[in-house]
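In the UniProt record's numbering, the protein residues as written are 1 to 306.
What follows is the structure, encoded as structure tokens:
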């Protein structure tokens with residue numbers, strides 16, 4: 001295994017709430033109560049959402065997401081951390097994207113997942129279906145703001161790439177660059193330096209097919225500052241890779257005697273209200289065709305039954 005450096009300490013999460021504020025996805029500080037301490041969590045343009053493909057609007061002006069620096073980061077090490085809410089990897093500003101005419105610089109990536117009792121661990125849903133997990137790559141608007149701290153609460157401040165993860169049959173070698181090091185950051189506050197790799201390999205190959213809408217951070221303080229880009233193509237991980245993700249980490253620190261598993265770090269879907277979800281590709285006809293074929297197969301099956 002490559003040389004790694006283990007560090008102990010706290011990590012800055014781009015979605016973290018103010019210092020001293022407590023929150024969690026469940027329990028006494030759970031998401032049902034977020035709005036009391038973080039008013040933005042109760043506003044009308046929150047994330048995640050359920051993407052209903054029948055209501056998605058095709059926008060022919062939406063071009064492929066352009067990546068910069070993803071293939072070959074200009075540093076030797078990434079910092080991987082357990083912040084008690086997720087596993088997060090800091091990214092250098094040399095990584096960036098161009099989306100909808102704006103340039104955004106990368107800050108970090110992190111995961112959301114379920115548990116052995118909750119297999120649907122993605123935050124965004126498609127037609128009411130949650131996938132197994134979700135990867136977020138967080139960027140800030142580098143054309144308008146000097147850093148993410150300034151951009152965090154601005155309406156046009158952030159862009160997040162969302163990659164829906166699903167169980168497949170074969171191992172995804174790209175994700176082992178992260179998952180193989182989770183054993184070193186089991187507890188909240190632990191972090192480790194890992195060798196850099198091509199972040200582009202974590203993304204789907206089809207960067208031209210995606211859904212997009214304006215929403216919020218999915219954790220407190222829930223600022224409505226995010227241009228969401230949810231890729232249509234899923235990324236597959238093996239069953240043992242998902243098992244590694246949902247069983248390795250704790251939301252409690254090393255000093256706590258009772259370990260609290262870090263699982264189900266998923267916010268419930270939020271009302272779309274009057275927002276419009278756009279797509280860079282034609283989606284409605286494909287859904288209708290699939291449903292029509294399923295109906296036809298059921299009819300044919302019923303006719304050939306004795």
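Built from N, CA and C at the ideal position, the CB exists for glycine as well.
Which residues does DSSP pair with residue 44 in a beta bridge? Taking the chain shown and counting its residues from 1, one reaches residue 44 at position 44. Answer by DSSP bridge pairing: none, since residue 44 is not bridged.
So the candidates are 167, 299, 272, 301; which of them puts its Cα closest to the Cα of residue 50? Residue mapping note: residue 50 aligns to position 50 of the chain shown, counting from 1. Here the closest residue by C-alpha is 272.
By the three-class DSSP mapping on this structure, what secondary structure does residue 268 have? Stepping through the chain shown from its first residue, residue 268 is reached at position 268. The three-state reading of DSSP puts residue 268 in coil, since its state is none of H, G, I, E or B.
What is the C-beta distance between residue 216 and residue 47, in whole angstroms, given that I count them as a contact (C-beta under 8 Å)? Looking up residue 216 in the chain shown gives position 216. Looking up residue 47 in the chain shown gives position 47. Indeed they touch by this definition, with Cβ atoms about 5 Å apart.
Tell me which residues share the same chain as residue 262 and place their Cβ nearer than 6 Å to its Cβ, disregarding the 5 neighbours each side in the sequence. Looking up residue 262 in the chain shown gives position 262. Around residue 262, the same chain offers 249, 250, 251 as residues with beta carbons nearer than 6 Å, after the five sequence neighbours per side are excluded.
Under the three-state reduction of DSSP, which class applies to residue 170: helix, strand or coil? Here the question's residue 170 lines up with position 170 in the chain shown. Coil, per DSSP.
For residue 281, three-class secondary structure by DSSP: In the chain shown, residue 281 corresponds to position 281, counting from 1. Here residue 281 sits in coil by DSSP.
Residue 74 (DSSP reduced to helix, strand or coil): Position 74 of the chain shown holds residue 74. Residue 74 falls in the coil class under three-state DSSP.
To the nearest angstrom, how far is it from the Cα of residue 280 to the Cα of residue 153? Within the chain shown, residue 280 is the residue found at index 280, counting from 1. Within the chain shown, residue 153 is the residue found at index 153, counting from 1. Their backbone Cα atoms lie some 27 Å apart in a straight line.
With C-beta atoms as the reference, is residue 87 less than 8 Å away from residue 80? Along the chain shown, read from residue 1 onward, the residue named residue 87 stands at position 87. Along the chain shown, read from residue 1 onward, the residue named residue 80 stands at position 80. Contact flag set, yes.
How big is the Cα-Cα spacing for residue 253 and residue 59? Within the chain shown, numbered from 1, the residue matching residue 253 stands at position 253. Within the chain shown, numbered from 1, the residue matching residue 59 stands at position 59. Computed Cα separation, rounded: 46 Å.
With which residues is residue 140 paired in a DSSP beta bridge? Position 140 of the chain shown, counted from the first residue, corresponds to residue 140. According to DSSP, which records beta bridges pairwise, residue 140 is partnered with 105, 158.
Assign residue 300 to one of two classes, buried (16 or more other C-beta atoms within 10 Å of its C-beta) or exposed (fewer than that). Position 300 of the chain shown, counting from 1, holds the residue named residue 300. The residue in question, residue 300, is exposed, as its Cβ has fewer than 16 Cβ neighbours within 10 Å.
Determine contact between the region 192 to 207 and the region 231 to 241, defined as no fewer than three beta-carbon pairs at a distance below 8 Å. Taking 8 Å as the limit for Cβ pairs, the verdict is that the region 231 to 241 does touch the region 192 to 207.
Could you give the residue range of the beta strand (DSSP E) that holds residue 226? By 1-based counting over the chain shown, the position of residue 226 is 226. Here the beta strand (DSSP E) through residue 226 covers 226 to 231.
Mind pulling the beta strand (DSSP E) runs of 3 or more residues that sit fully within the region 177 to 247? Restricted to the region 177 to 247, the beta strand (DSSP E) segments that are unbroken, complete and at least 3 residues in length are 190 to 195, 210 to 215, 226 to 231, 235 to 237, listed in chain order.
Through-space distance from residue 199 to residue 109, alpha-carbon basis: Numbered from its first residue, the chain shown carries residue 109 at position 109. Numbered from its first residue, the chain shown carries residue 199 at position 199. Computed Cα separation, rounded: 10 Å.
Buried versus exposed, by CB contacts within 10 Å (16 or more), residue 9: Translated into positions along the chain shown, residue 9 becomes position 9. Bear in mind that a pLDDT of 40 at residue 9, under 50, signals an unreliable position, so the number given afterwards is only what the model happens to contain. The residue in question, residue 9, is exposed, as its Cβ has fewer than 16 Cβ neighbours within 10 Å.
Residues that DSSP places opposite residue 38 in a beta bridge: Within the chain shown, numbered from 1, the residue matching residue 38 stands at position 38. Beta-bridge partners of residue 38 (DSSP): none assigned.
N- and C-terminal bounds of the beta strand (DSSP E) containing residue 97: The count along the chain shown starts at 1 and reaches residue 97 at position 97. Where residue 97 is concerned, the enclosing beta strand (DSSP E) stretches over 96 to 99.
With DSSP run on the structure shown, which of helix, strand or coil describes residue 27? On the chain shown, residue 27 is found 27 positions in, with the first residue counted as 1. Three-state result, residue 27: helix.
Residue 84: buried (16+ other C-beta within 10 angstroms of its C-beta) or exposed? As a working mapping, residue 84 is identified with position 84 in the chain shown. Buried, by the Cβ-count rule.
Where does residue 125 sit, in a helix, a strand or coil, going by DSSP? To locate residue 125, count along the chain shown from 1; it is residue 125. DSSP places residue 125 in strand when its eight states are reduced to three.
Just the C-alpha distance for residue 222 and residue 196, rounded to the nearest angstrom, thanks. For this step, residue 222 is matched to residue 222 along the chain shown. For this step, residue 196 is matched to residue 196 along the chain shown. Spanning the alpha carbons of residue 222 and residue 196 requires a straight line of approximately 30 Å.
Can you name the start and end residues of the beta strand (DSSP E) that residue 256 belongs to? By 1-based counting over the chain shown, the position of residue 256 is 256. Premise fails: residue 256 is in no beta strand (DSSP E) and is neither H nor E.
Where residue 58 sits in the DSSP three-state scheme: Here residue 58 refers to the residue found at position 58 when the chain shown is read from its first residue. It is a strand residue.
Residue 151 lies in the alpha helix (DSSP H); which residues open and close that run? Reading the chain shown from its first residue, position 151 is the one you call residue 151. It spans 148 to 151 - the alpha helix (DSSP H) in which residue 151 sits, taken as one unbroken run.
Own chain residues within Cβ distance below 8 Å of residue 298, not counting five before or after: Within the chain shown, residue 298 is the residue found at index 298, counting from 1. By the criterion of a C-beta distance shorter than 8 Å, residue 298 is surrounded by no residue of its chain, once the five residues flanking it on both sides are discounted.
Range covered by the beta strand (DSSP E) that runs through residue 276: Position 276 of the chain shown holds residue 276. Residue 276 -> no beta strand (DSSP E), and no H or E assigned at all.
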